[in-house]
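Counting from 0, one number per residue, gives the positions in the sequence shown under numbering that gives the first Met the number 0.
Worksheet for the structure shown next.
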Amino acid sequence: MSLLIRNGTIVTADDTFVGDVLCECETIAAVGFDLQAPEGAEVVDATGKYVFPGFIDPHVHIYLPFMGTYAKDDYESASKAALVGGTTTLIEMCCPSRSEDPLEALALWKSKAAGLSACDYTFHLAVTRFDEGTAEKLKVAVEEEGIASFKVFLAYKGAFGIDDHELYQTLKTAKALGAIVTAHCENAELVTELQGKLVAEGKVGPEWHEPSRPVEVETEGCHHLMTFAELTGAHVYVVHTSCEEAVAVLSAARARGVQVWVETVIPYLVLDQTYAQRPDFEGAKYVMSPPIREARHQPVLWEGLGDGTIDTVGTDHAPFDFKTQKHMGHPEADKALNADFTPRGSAANFTMIPNGIPSVEDRVNLLFTEGVKKGRLDLQTFVKVASTAAAKVFGLYPRKGAIAVGSDADLVVYDPEYRGVISVETQMMNTDYSGFEGRAIEGRPSLVTVRGEVAVRDGVFVGTLGRGAFLRREPTHF
Ligand code: URP
Ligand code: ZN
Ligand code: ZN
């Protein structure tokens, strides 16, 4: 199986040049000029198009039991959506409940992907409880299972959230194992207090989600994690950073030597708080945590990506249907409209809206349209933040995130002249709405490969379900 991509503008995190890429079987065999096509090779003319390394989404949820329901995608819909959107590697959060054994949870999450995913994948293993057996189990996860990153939640008290003793022990254990700890930073106690106050005041609609988790809540969470990281020496990665104040705390920590990497996610870059204020409960479509912020934060996030203060752009893809799942937090949900669940009646409020926005399909095109096309990101930075940086932080580089001899032949031939509009009508994600409905995109992948096999042609999935492989990773964060 050979594939020659000819005469494209090859863009990596470090370089841009017009040339050819030859893929033999699953890997890149040559990168250069005027390469000869081997007998029987498919030849793709990429003139006028970009050739990018396959994009990596470092933060998705696919199998997710959460807030009394389950996220809507499985690996069939999620990997198809990812690939159509140019993402060839998914890093999913494996999120056990507090009572679940972490290694059993890992086996369960792997079973959801194996034999079904069309793209490659790996997991961050969430530590949602730390007891006497946990350190040994985490050692097994790293040394035998090839998991090189963990996840902790400072939020979601009573569900995934851990206390400070558990946080300290997790970071200490991770440091010893060379694993990086990804973290959701929001102060859980403050969230509980503010939610209670707002609900007691009758402020129950989705527009009150942001005020229940204001920037101070996230900023305190970041500061909290930075203190613990500093005292343990653990390497940490702050997921879904939404606001200027949190970025400032993380930058200051980095400047004083804390080993911290920073992620933002596509909803924060292109949506603002007014979406969650839309009438008729439509705001629920935009409820995620930390919340979508005021527009003033967006330039800071874009600048942070440009100057390296922010390392990666993920999605935090967490898909829930509007009519049957987001409505779980509607005080007057109509049973006829929502036949699949029992409305909680007048006791329901915004705290019961499943948190998350479907976005795995749209990240790359939105980042290209809003970032590159609008002059906020240069092409190499675009590749860095959407692919290469995640590969480096999470132990996948140079297998992923690179266009180099020996790297996996995960490639995106990208057409910058394509014009389209995002819509639920055409999306592959398995939700009944798109948070980006009607938004124009300027560019899309015209060809996507997974380890040398073409998986997408002109927006159509042509790949193989089950071909996606679990990516074992070595720890590098000692
Ligand atoms: O709202 C969000 N972020 N939903 C998914 C769970 C998480 O916090 O990452
Ligand atoms: Zn989170
Ligand atoms: Zn998440």
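The C-beta atom is built at its ideal place from N, Cα and C for all residues, glycine as well.
Presumed contact (8 Å Cβ cut-off) between Glu243 and His296, rounded CB distance: Position 244 of the sequence shown, counting from 1, holds the residue named residue 243. Position 297 of the sequence shown, counting from 1, holds the residue named residue 296. Indeed they touch by this definition, with Cβ atoms about 5 Å apart.
N- and C-terminal bounds of the alpha helix (DSSP H) containing Lys373: Counted from its first residue, the sequence shown places residue 373 at position 374. No alpha helix (DSSP H) contains Lys373, which DSSP labels as neither H nor E.
Under the criterion of a Cβ to heavy atom distance below 7 Å, does Met428 qualify as lining ligand 4? This structure simply doesn't include ligand 4; it includes ligand 1, ligand 2 and ligand 3 instead.
By Cβ distance, which residues of its chain are closer than 8 Å to Ser386, with the 5 residues on each side in sequence left out? Start at 1 with the first residue of the sequence shown, and residue 386 comes out as number 387. For Ser386, same chain residues with a beta-carbon under 8 Å away, outside a window of 5 residues either side, are Ala12, Phe51, Pro52, Gly53, Phe54, Ile55, Lys399 and Gly400 in chain order.
Can you give me the C-alpha to C-alpha distance between Val83 and Glu215, rounded to a whole angstrom? Mapped onto the sequence shown, residue 83 falls at position 84. Mapped onto the sequence shown, residue 215 falls at position 216. C-alpha separation (whole angstroms): 37 Å.
When we look at the beta-carbon of Cys118 and count the other beta-carbons within 10 Å, is it buried (16 or more) or exposed? Translated into positions along the sequence shown, residue 118 becomes position 119. In this structure Cys118 is buried. Its beta-carbon is surrounded by 16 or more other beta-carbon atoms within 10 angstroms.
beta-carbon Gly394 near ligand 1 non-hydrogen atom, thresh 7 Å: Position 395 of the sequence shown holds residue 394. In this structure, the C-beta of Gly394 stays at least 7 Å away from each heavy atom of ligand 1.
Considering only heavy atoms of ligand 2, does any lie closer than 7 Å to the CB of Ser288? Taking the sequence shown and counting its residues from 1, the one referred to as residue 288 is at position 289. Distances taken from the Cβ of Ser288 to the heavy atoms of ligand 2 include one shorter than 7 Å.
Strand pairing of Tyr120, partner residues [DSSP]: Here residue 120 refers to the residue found at position 121 of the sequence shown. Per DSSP, Leu89 and Phe469.
DSSP beta-bridge partners for Gly313? On the sequence shown, residue 313 is found 314 positions in, with the first residue counted as 1. Residue pairing for Gly313: DSSP places it in a beta bridge opposite Val264.
Presumed contact (8 Å Cβ cut-off) between Val257 and Ala182, rounded CB distance: Numbered from its first residue, the sequence shown carries residue 257 at position 258. Numbered from its first residue, the sequence shown carries residue 182 at position 183. For Val257 against Ala182, the beta-carbon gap comes to about 12 Å, at or over 8 Å, which does not count as contact.
Tell me whether Thr46 sits in a helix, a strand or coil according to DSSP, three-state version. In the sequence shown, residue 46 corresponds to position 47, counting from 1. For Thr46, the secondary structure class from DSSP, reduced to helix, strand or coil, is coil.
Below 8 Å, can you find three or more Cβ-Cβ pairs linking the region 92-110 to the region 58-71? Yes, the region 92-110 is in contact with the region 58-71.
Under the three-state DSSP convention, the category Lys150 falls into: Along the sequence shown, one-based indexing puts residue 150 at 151. Reduced to three states, the DSSP call for Lys150 is strand.
Buried or exposed: which applies to Thr15, given that a residue is buried once 16 or more other Cβ atoms fall within 10 Å of its Cβ? Taking the first residue of the sequence shown as 1, we reach residue 15 at position 16. Counting other Cβ atoms within 10 Å of its Cβ, Thr15 stays below 16 and is therefore classed as exposed.
Just how far apart, CA to CA, sit Gln379 and Asn354? Sequence index remark: in the sequence shown, residue 379 carries index 380 (1-based). Sequence index remark: in the sequence shown, residue 354 carries index 355 (1-based). Approximately 32 Å, taken between the alpha carbons.
What does a CB cutoff of less than 7 Å around Ala403 pick up in its chain, not counting 5 residues either side in sequence? In the sequence shown, residue 403 corresponds to position 404, counting from 1. Result list for Ala403: Ile27, Val30 and Pro397, in chain order.
Taking the C-alpha atoms as reference points, what is the distance between Tyr167 and Arg438? Here residue 167 is taken as the residue at index 168 of the sequence shown, counted from 1. Here residue 438 is taken as the residue at index 439 of the sequence shown, counted from 1. Approximately 43 Å between the Cα atoms of the pair.
For the region 351-367 against the region 438-453, do three or more pairs of beta-carbon atoms, one drawn from each stretch, fall closer than 8 Å, so that the two count as touching? Segments in contact, yes.
Look at the alpha carbon of Thr480 and the alpha carbon of Glu131, and state the distance between them as a whole number of angstroms. For the chain, the structure presents residues 0 to 477; residue 480 sits outside this window and is missing.
Helix, strand or coil: how does DSSP classify Ala113 here? Here residue 113 refers to the residue found at position 114 when the sequence shown is read from its first residue. DSSP places Ala113 in the coil class of the three-state scheme, outside both helix and strand.
Smallest Cα separation from Gln272: which of Glu165, Tyr155, Glu209 and Val246? Counting from one through the sequence shown, the residue named residue 272 turns up at place 273. Here the closest residue by C-alpha is Glu209.
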